[in-house]
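J.: Okay, handing you the structure first.
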Amino acid sequence: MYFLTTELYFPPSSETSTEGIIAVGGDLSSERLLLAYQNGIFPWYDADEPKLWWCPKKRMVLFFERLRITKTMKKVIIRNEFQVTFNTNFRTVISNCQKAPRKDQNGTWISNEIVEAYCKLNELGYAKSVEVWQNNELVGGLYGIDLGNVFCGESMFSKVPNASKVAFIYLAKQLEMANYKLLDCQVHNNHLESLGCIEIERAEFLAILKS
């Protein structure tokens, strides 16, 4: 396992552990974070752990033609139950993601350090958010890193049913219209699978990312 120094470097994906960890340590500077995402790597660790950098063997992604919108969600969208904006309240969105309860988790991996690091990336134009409103109240959203051809989703939250799904669907539609290659969702969960996401091999993901 590679231990990062002050040098701006990540090892090749071939050095990733069987668990999916490619490196340990380092910092959350904008330069290091961008280098990570450009190479299919993302940070994910608890507050009491050292910084862990991941490049899993299987990658959960959405190819836009596979986006699954259920009849229920189609009705929600047609009825205009929510209003959606893009990148207008990034800090509020990531703060809500930080506070959102997670099933089978005692806390959140989104530390205050993470919040500040990604807010800096937002100021630089790389981290972006989707906001979902209902009656002028922010009730859902998501954020991630925009690489220009791939959007790397990081986290989402929902205070009312369907709000995070609306954020995901609207983002996917916007990315598709802008000719992005895919929406990166990192690791498998049933919620993402229900929206049409699938797992692909790391090598395929990296090839798409660098194409």
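Residues in the sequence shown are numbered consecutively from 0, following numbering that gives the first Met the number 0.
Note that the Cβ used here is the ideal one computed from N, Cα and C, for glycine as well.
In this text, all values refer to a predicted model and were calculated from it rather than measured experimentally.
1. Kindly confirm or deny that the segment 125-136 and the segment 154-170 touch, where touching means at least three C-beta pairs closer than 8 Å.
2. If you measure between the beta carbons of residue 62 and residue 175, is that distance less than 7 Å?
3. Buried or exposed: residue 177, going by 16 or more other Cβ atoms within 10 Å of its Cβ?
4. Any idea if residue 142 is buried or exposed, counting beta-carbon neighbours within 10 angstroms, 16 or more meaning buried?
5. Is it true that the segment 33-53 meets the segment 9-17, where meeting means three or more beta-carbon pairs spaced less than 8 Å apart?
6. So, under 8 Å CB-CB, residue 123 and residue 91 are touching, yes? Tell me the CB distance rounded to an integer number of Å.
7. So for residue 81, helix, strand or coil by DSSP?
8. Alpha carbon to alpha carbon, how far is residue 210 from residue 86?
9. Note down the Cα distance separating residue 45 from residue 51, rounded to an integer number of angstroms.
10. What did DSSP end up calling residue 159 once you bin it into helix, strand or coil?
11. Please report the distance separating the alpha-carbon of residue 74 from that of residue 81.
12. List the DSSP bridge partners of residue 41.
13. Determine the direct distance from the alpha carbon of residue 5 to that of residue 26, and round the result to whole angstroms.
T.: In this structure, then:
1. yes
2. Taking the sequence shown and counting its residues from 1, the one referred to as residue 62 is at position 63. Taking the sequence shown and counting its residues from 1, the one referred to as residue 175 is at position 176. Going by C-beta atoms, residue 62 is not nearer than 7 Å to residue 175.
3. Here residue 177 corresponds to residue number 178 of the sequence shown, with the count starting at 1. Under this definition residue 177 is an exposed residue.
4. The residue you call residue 142 lines up with position 143 of the sequence shown. Buried is the call here.
5. yes
6. To locate residue 123, count along the sequence shown from 1; it is residue 124. To locate residue 91, count along the sequence shown from 1; it is residue 92. That pair is no contact at about 18 Å.
7. The sequence position of residue 81 within the sequence shown is 82, counting from 1. Note: residue 81 maps to coil in three-state DSSP.
8. As a first step, residue 210 is located in the sequence shown; it is residue number 211 there, counting from the start. As a first step, residue 86 is located in the sequence shown; it is residue number 87 there, counting from the start. One C-alpha to the other measures close to 26 Å.
9. The sequence position of residue 45 within the sequence shown is 46, counting from 1. The sequence position of residue 51 within the sequence shown is 52, counting from 1. Their backbone Cα atoms lie some 9 Å apart in a straight line.
10. Translated into the one-based positions of the sequence shown, residue 159 becomes position 160. The answer is coil: DSSP assigns residue 159 none of H, G, I, E or B.
11. The residue you call residue 74 lines up with position 75 of the sequence shown. The residue you call residue 81 lines up with position 82 of the sequence shown. For residue 74 and residue 81, the distance between alpha carbons rounds to 12 Å.
12. Working through the sequence shown from its first residue, we reach residue 41 at position 42. Partner(s): 53.
13. On the sequence shown, residue 26 is found 27 positions in, with the first residue counted as 1. On the sequence shown, residue 5 is found 6 positions in, with the first residue counted as 1. If I take the Cα positions, the gap works out to 8 Å.
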